[in-house]
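Since the structure comes first, as structure tokens, the remarks are kept for the end.
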Amino acid sequence: MTTIAPPQARMHQDHSPLTGFLDVLRSEFLKLRSVRSTFWTLTVAVVSNVGLGSLTAAVLAGRLSASEKATADGVRLALAGIHLSQIAFGVLGVLVITSEYGTGMIRATLSAVPQRGTVLTAKAIVFTATALIVGTASSFGAYLAFQAALPAGDSLKSSLGDPGVLRAVFGGGLYLAMLGLLGLGLGAVIRVSAGAIATLFGLLFVPPILLAMLPHSWQTTVGPYVPMQAGEQVYVAVSHESSALAPWTGFGVFTLYAAVTLALGLLLINRRDA
Amino acid sequence: MIEAIGLSKRYGDTMAVDDLSFTVPPGQVTGFLGPNGAGKSTTMRLILGLDAPTSGTVTVNGKPYTSLRRPLFEVGALLEARAMHGGRSAFNHLMALALSNGIPRARVGKVLDQVGLRSVARKRSGGFSLGMGQRLGIAAALLGDPPVLMLDEPVNGLDPEGVLWIRTLLKALAAEGRTVFLSSHLMSEMALTADRLIVVGRGKLIAQTTIEDFLAGGDGSFVQARSPEAETLALVLRARGVTVVRQGPDLLRITGVDAGMVGEIARTEGLALLELSTRQATLEQRYMELTGDLVDYRTAEDADVPAPNRN
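Line by line, the protein sequences are chains A and B.
Using our numbering, you'd call the opening residue of the first sequence number 804 and step up by one each time.
Using our numbering, you'd call the opening residue of the second sequence number 89 and step up by one each time.
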């Protein structure tokens, strides 16, 4: 019988904190793409962006009067699908973290990487990169489909070289990615899928409804700063609303919402029992 | 080596783990034994840094778990509750964990072979049976080929084949010199695998010892004698200062003298013996003795002395 030497904990001194972080990124990227929900939510998002973009063009071009067209923003109309696809991006952002708590996977994850802040940061980076690529691609797809579906010579037509258009089309992807990141932050704070999704959409859709019931002065002072109104300015080429925030100011405010929830999520993930 | 010092965890009003100090020495199978709700799982969560202790410390190889980089190379853990996303395939589940610790892809194939899940590696783990899920959990624990393995109730809910598989695997792993820390609420399971025992009840340490010392610490061995004249035999023995307990109309439990002496006395007194034997208190009896009044939940029936093989 041969004697077997007891296994020793191998020392891995050859890796720096950076390679350690890159390993966690790779792990999180595999997790994101190895569940079906990622594929389906992103597919739904792309289809709704591009599909509604061309549908809007086909339906609206003949119905809007010339004066209506003059005050409408062509890019915003092209990106009408965002109203739907934002739900998919938001849900995906939430699920990136809550599905781990829901299934118990979080225990395996944190046993493999006890540095919880690293895990959450890696999740945020991997999700943002994916959402940004898919969001931007579908935003361009929607814009181009909208242009293609408009009759020749329609006044809603624009080109990417027109003022604000390129920024707004990129803005569609930025908005979707940031909204998903807000979802991820809420997911880290709330940890339960249903609760986090409800909170996210409450935060997006309820303030506009409440504001509509308040005096006009509220609508012009507070209104521009509520999450969705602030965020969507970045995908409007030329705004015709006087009270609206400037595109980057609005997006900055939107980013702040996401940053605050993520920071709270980071704080709590280190304090709470998993 | 796992070392806990004054480890406590409070959930609301309940002390799940109460001032627990123990050491799991390297290269042995240490059984972590206690009734359901004794705090075994909580202790394991504290070891892995999943829960933070209310007070006290616990270290793995001298370091707190949360300070470990690439911990899968040092400790492999199987927790009682399933810790996997059912929508992910077995291979991807293991690969994601492997990537996070810089473990090469080839190793994933190896552990899949080791636990016999190669053929279903591409299937979603949500469709796995309890036994397959347990195998996948063990594969994850083995990923980093760690010198320390920690398993929470690994045979719970498994069919006999699965139980046998885990038992054989654990013995093989221990034979390789690994530290194995294994929890169970079943003494019988421990008797088969463990070298040492840490016994807990209601979060408190009851005993920390080797299997042999654990047995010796109780009533230990006794002599069982069956005689048609049991009453007379008992009187004679008691007269010589021997402790005798009547266990039936013709059955005596004798402690303080060996079987030879009992036989000698019976012969000189002219008493017939139908049976004379030395008995060892079983681990099960000793365990019930220690934890009997520490079981949190039990039925009225359970309160009776357990009758083994009551079929």
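Think of the CB as a built atom: it goes at the ideal place given N, C-alpha and C, for glycine as much as any other residue.
In whole angstroms, give me the CA-to-CA distance for residue i and residue j.
i          : j          : result
Ile900(A)  : Gly197(B)  : 27 Å
Val992(A)  : Ala1077(A) : 12 Å
Ala295(B)  : Ala229(B)  : 27 Å
Ala92(B)   : Phe110(B)  : 5 Å
Met814(A)  : Val243(B)  : Residue placement at Met814(A) cannot be trusted, given a pLDDT of 46 that sits under 50; the coordinates are not used to answer.
Ala927(A)  : Leu835(A)  : 11 Å
Leu895(A)  : Leu1006(A) : 16 Å
Thr806(A)  : Leu913(A)  : Because Thr806(A) sits at a pLDDT of 44, beneath the cut-off of 50, its placement in the model cannot be relied upon, and the point is left open.
Ala262(B)  : Thr356(B)  : 52 Å
Leu1003(A) : Gly986(A)  : 6 Å
Gly137(B)  : Val148(B)  : 10 Å
Ile135(B)  : Val146(B)  : 6 Å
Ala940(A)  : Gly877(A)  : 18 Å
Gly1034(A) : Leu1071(A) : 26 Å
Arg193(B)  : Tyr375(B)  : 44 Å
Leu187(B)  : Ile90(B)   : 26 Å
What residue range is occupied by the uninterrupted alpha helix (DSSP H) comprising residue i?
i          : result
Glu241(B)  : Note, Glu241(B): premise wrong, no alpha helix (DSSP H); not H, not E.
Glu357(B)  : 347-357
Arg836(A)  : 820-836
Phe1008(A) : 996-1016
Lys211(B)  : Unbroken run through Lys211(B): none, as it is neither H nor E.
Terminal residues of the continuous beta strand (DSSP E) containing residue i?
i         : result
Thr111(B) : 102-112
Thr298(B) : 292-298
Val333(B) : 331-334
Glu871(A) : Segment 869-874 is the alpha helix (DSSP H) holding Glu871(A); no beta strand (DSSP E) there.
Leu270(B) : 267-272
Gln312(B) : 309-314
Phe406(B) : Residue 406(B) lies beyond the stretch modelled for chain B, which goes from 89 to 399, so this question has no answer here.
Ile286(B) : 284-289
Glu317(B) : From DSSP, Glu317(B) is part of no beta strand (DSSP E); its letter is neither H nor E.
Pick from the options: whose alpha carbon is nearest that of residue i?
i          : options                                       : result
Phe120(B)  : Asp301(B), Thr256(B), Leu239(B)               : Leu239(B)
Arg284(B)  : Gly291(B), Leu293(B), His273(B), Ile299(B)    : Ile299(B)
Glu264(B)  : Pro235(B), Thr154(B), Pro248(B), Glu363(B)    : Pro235(B)
Arg328(B)  : Gln335(B), Ser315(B), Pro337(B), Ala354(B)    : Ala354(B)
Ala915(A)  : Val199(B), Arg212(B), His181(B)               : His181(B)
Leu156(B)  : Gln918(A), Leu1070(A), Ser870(A)              : Gln918(A)
Val862(A)  : Val894(A), Phe949(A), Leu825(A), Leu887(A)    : Phe949(A)
Leu293(B)  : Leu166(B), Ile135(B), Ala126(B)               : Ala126(B)
Tyr978(A)  : Phe892(A), Leu1003(A), Pro966(A)              : Phe892(A)
Gly190(B)  : Leu205(B), Leu257(B), Leu160(B)               : Leu160(B)
Pro1027(A) : His1019(A), Ser996(A), Ala1047(A), Met1016(A) : Ala1047(A)
Gly344(B)  : Gly351(B), Glu352(B), Val332(B)               : Val332(B)
Arg1075(A) : Arg133(B), Gly219(B), Leu359(B)               : Arg133(B)
Ala1062(A) : Leu989(A), Arg994(A), Ala945(A)               : Leu989(A)
Thr154(B)  : Pro123(B), Asp139(B), Leu166(B)               : Asp139(B)
Glu317(B)  : Met349(B), Ser276(B), Ala360(B)               : Ala360(B)
Leu224(B)  : Asp101(B), Thr118(B), Glu168(B)               : Glu168(B)
Gln222(B)  : Ala279(B), Met376(B), Leu325(B), Leu166(B)    : Leu166(B)
Leu200(B)  : Met220(B), Ile286(B), Leu340(B)               : Met220(B)
Val995(A)  : Ser857(A), Leu898(A), Phe832(A), Pro1010(A)   : Leu898(A)
Ile226(B)  : Leu270(B), Gly94(B), Arg158(B), Gly351(B)     : Leu270(B)
Glu277(B)  : Glu241(B), Asp346(B), Ala322(B)               : Glu241(B)
Val112(B)  : Asp101(B), Thr131(B), Asp106(B)               : Thr131(B)
Looking only at its chain, what residues have a beta carbon closer than 6 Å to the beta carbon of residue i, apart from the 5 residues adjacent to it on each side?
i          : result
Ser958(A)  : Lys872
Ser143(B)  : Ser96
His1043(A) : Thr874
Arg367(B)  : Phe310, Gln312
Leu855(A)  : Ala883, Gly884
Gly245(B)  : Leu218
Leu339(B)  : Arg314
Pro1050(A) : Gln1036, Val1037
Who are the near neighbours of residue i in its chain, counting only those whose CB is closer than 7 Å to its CB and skipping five residues on each side?
i          : result
Ala864(A)  : Leu953, Pro954, Asp957, Leu959
Leu1069(A) : Gly920, Leu923
Asn1073(A) : Arg919, Gly920
Phe943(A)  : Val972
Thr1064(A) : Leu985, Gly988, Leu989, Val992
Val324(B)  : Ile353, Glu357
Among residues of its own chain, excluding the 5 on either side of residue i, which ones have a beta-carbon nearer than 8 Å to its beta-carbon?
i         : result
Arg266(B) : Gly115, Pro234, Pro235, Val236, Leu237
Ala412(B) : Any question about residue 412(B) goes unanswered here, given that chain B covers just 89 to 399.
If I'm right that residue i touches residue j with Cβ under 8 Å, what's the distance once you round it to whole angstroms?
i          : j          : result
Val288(B)  : Lys128(B)  : 6 Å
Arg255(B)  : Thr281(B)  : 6 Å
Phe930(A)  : Leu984(A)  : 7 Å
Val849(A)  : Val968(A)  : The Cβ separation is near 21 Å, so there is no contact.
Leu1014(A) : Val1029(A) : 7 Å
Gly907(A)  : Ala171(B)  : 5 Å
Ala1091(A) : Val853(A)  : Absent from the structure is residue 1091(A), since the part of chain A shown begins at 804 and ends at 1077.
Exercise. In the stretch 913-945 of chain A, which residues sit with their C-beta less than 7 Å from some C-beta in chain C, listed in chain order?
Worked result: Of the chains in the structure shown, none is chain C; the protein chains are A and B.
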